Amino acid sequence: MECPLCGIYGQIAIEDGEVRVTFSEEEKNRARNTLAGLYEHYYEIKDMMNHVMKNLELHKNDRAELLRPYMEYAPDYKG
Ligand SMILES: [Zn+2]
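The opening position of the sequence shown corresponds to residue 327 in our numbering, with each subsequent residue numbered one higher.
Quick look at the structure:
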């Protein structure tokens, strides 16, 4: 499994009827709450900026129309 917050990988298993997730030391050392994890995330965002800025410029005229379905999204899920 992959942590949805910081992207570290672990092994998921069911033991004695309970879900257990085990992360290796290597993966724990790149978790978001570590200095290495913070740097990894920083460089991930920094490197992504070239891609993001290019697309923002490319879609500067049709961005509102592209975003419209998301802005108008109204789930009917009632829980
Ligand atoms: Zn995490």
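Glycine residues also receive a C-beta, built at the ideal position from the N, C-alpha and C atoms. Quick caveat: nothing in here was measured; it's all calculated off a predicted structure.
Remark: fewer than three beta-carbon pairs, one from each stretch, lie closer than 8 Å, so the region 347-363 and the region 371-390 are not flagged as touching.
Between Arg346 and the set Leu364, Met327, Gly333 and Asn359, the nearest pair of CA atoms involves Met327. Residue Ile334 holds the alpha-carbon nearest to the alpha-carbon of Ser350 among Ile371, Glu383, Glu391 and Ile334. Under DSSP, Thr360 shares a beta bridge with no residue. The closest heavy atom of ligand 1 lies less than 7 Å from the beta carbon of Leu331.
Going by DSSP, Ala400 is part of no alpha helix (DSSP H) at all; its letter is neither H nor E. Assignment of Ile371 by DSSP, reduced to helix, strand and coil, places it in the helix class.
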